[in-house]
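Numbering (full-length UniProt numbering), first residue to last: 1 to 302.
Working notes for the structure below.
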């Protein structure tokens, strides 16, 4: 790849080891020491409404070698760029309306672009993720993560509980959250609008959140390897403030989904399902409980 030849990555992806933790949730744990020590120092995030600051690192400062493609020829300037500190294969960034210098808040345009880009891939292993401010976003400039994860994951087919309208709840999992499946609406505009309704609610309430988009099984009762559905998971979660620490792992979108990138061999060898389960519950349970009723009322009012 040209970017690799030009030396713009902070490190070449080198996952030293991977394993599925023993237990019922099948957490995927990967040892990625370079990401812990060679990535850019994260921005000091102290508020959900922190404005864009052009003096800090932002994606208008990318060199041309880091930019993969422009998605259109309009003034929206939606581009795909490399992630210089990758966690997995083809880890890249969707930068919607990059030159408008928008803070890390989801816009309906950016959500649509993320889903459209996701849908262009024929692979069932493509993933898209978003971390809000105070939910382990590293840069306060609007961006989405894209990557391929060639592992089958529990949240591709886990049972969901009905909540309101097309919105379902991820109940039987340590990180409780909301989910909308494309098969429940079967219309792109509705898919985007329902997801954005929840996201916009969380943003207006200044509640930290993570979003993860994955393919899923349309009929979980069928034992077929068909992943034709799309699931958008949305987690309201406990806020984190200040520069991110880099202990064993950060509880961002990928981790809530069950994909943990760990920076030290010792932590990798000692991590257990019980430890991860406790961390996920602590990050999400209280906040989920505080917003579930309001989100149900909001959806039912539409």
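All C-beta atoms in this analysis are idealised placements derived from N, C-alpha and C, irrespective of residue type, glycine included.
- Judged by DSSP secondary structure, residue 194 falls within the alpha helix (DSSP H) whose first and last residues are 188-204.
- Under the 10 Å beta carbon count, residue 188 is surrounded by fewer than 16 other beta carbons and is classified as exposed.
- In the DSSP annotation of this structure, residue 146 is not part of any alpha helix (DSSP H); the continuous beta strand (DSSP E) holding it starts and ends at 144-148.
- A buried status is given to residue 110, since no fewer than 16 other beta-carbon atoms sit within 10 Å of its beta-carbon.
- With the rule of 3 Cβ pairs closer than 8 Å, the segment 124-135 does not count as touching the segment 179-187.
- When secondary structure is reduced to three states using DSSP, residue 34 falls in the helix class.
- Judged by DSSP in its simplified three-state form, residue 237 adopts coil rather than helix or strand.
- For residue 235, the CB contacts under 7 Å within the same chain, skipping 5 residues up- and downstream, are 175, 177, 209, 210, 256, 284 in chain order.
- Rounded to the nearest whole angstrom, the C-alpha separation of residue 107 and residue 48 is 14 Å.
- One Cα belongs to residue 62, the other to residue 133, and the distance between them is close to 21 Å.
- Under the Cβ criterion (8 Å, minimum of three pairs), the segment 143-159 counts as touching the segment 88-95.
- The continuous beta strand (DSSP E) containing residue 209 extends over residues 209-216.
- Note that the C-beta distance between residue 71 and residue 79 is below 9 Å.
- Membership of residue 137 in any beta strand (DSSP E) is not indicated, and neither H nor E is assigned to it by DSSP.
- With a cutoff of 9 Å on beta-carbon distance, residue 97 and residue 197 are scored as not near each other.
- By the 16-neighbour rule on beta-carbons within 10 angstroms, residue 66 is buried.
- In the three-state DSSP reduction, residue 108 falls in the helix class (H, G or I).
- A residue is called buried when at least 16 other Cβ atoms come within 10 angstroms of its Cβ; residue 46 does not meet this threshold and is exposed.
- Separation of residue 86 and residue 33 (C-alpha to C-alpha, rounded to the nearest whole angstrom) is 11 Å.
- Straight across, the Cα-Cα distance linking residue 105 with residue 203 is about 7 Å.
- Setting aside the 5 residues that flank it on each side, residue 238 is surrounded in the same chain by 208, 282, 283, 284, 286, 287, each with a C-beta closer than 8 Å to its C-beta; the list follows chain order.
- Residue pairing of residue 127 in beta bridges, as defined by DSSP: 147, 214.
- In the displayed model, residue 98 falls within a helix according to three-state DSSP.
- Under the DSSP definition of a beta bridge, residue 261 partners with 30.
- The straight-line gap separating the alpha-carbon atoms of residue 169 and residue 154 is approximately 15 Å.
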